Amino acid sequence: MLLYYGPIYAFKKSAEVFDLRTGEWRRVNDAWRAKHSMSRRYDSRTTIFSPEGRLYQVEYAMEAIGNAGSAIGILSKDGVVLVGEKKVTSKLLQTSASTEKMYKIDDHVACAVAGIMSDANILINTARVQAQ
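Going by the UniProt record's numbering, the first residue of the sequence shown is number 1, and it counts up by one from there.
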């Protein structure tokens, strides 16, 4: 899952950028360059604040979570029900096993995932080790 949903740019030393979405070089002004290069200085780590006091990695993660499908767990006296919403972004994309929301941790443990799948995979693997 991508953490950055905006355009992807490659910079030249001149006042041009290459937009990977359109495949074209285009001229930019100094304000545009300052805005995009400033955020790039502070978005590589979760613990580095920008001059405005923002944590860009946390903002990217919150945006990804907001776009992800929901997962709900219901506990009753007879058992547990796990439900996960699978969002399909395009009808042209094939769903694969890597987009599943339900995971078996052990014979007696399962989990439902909502949010960033790469983070979930790390947590699932850790839970599987702990459950043994």
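Even for Gly, the Cβ is constructed at its ideal location relative to N, Cα and C. Quick caveat, the model's predicted, so the values are computed rather than measured.
Query: With 16 other Cβ atoms within 10 Å as the buried cut-off, status of P7; Result: Residue confidence for P7 is low, a pLDDT of 48 falling below 50, so the modelled location carries little weight and cannot support an answer.
Query: Helix, strand or coil at A112 [DSSP, three-state]; Result: strand
Query: Which listed residue (A120, K101, K91) has its alpha carbon closest to that of E85; Result: K101
Query: Runs of alpha helix (DSSP H) wholly within the stretch 51 to 107 (minimum 4 residues, chain order); Result: 56 to 67
Query: Inter-stretch contact at 8 Å, needing at least 3 Cβ pairs: the stretch 47 to 56 / the stretch 75 to 85; Result: no
Query: Of the listed residues A127, G79, V113, nearest to A71 (C-alpha basis); Result: V113
Query: Assigned exposure category for A68 - 16 Cβ within 10 Å defines buried; Result: buried
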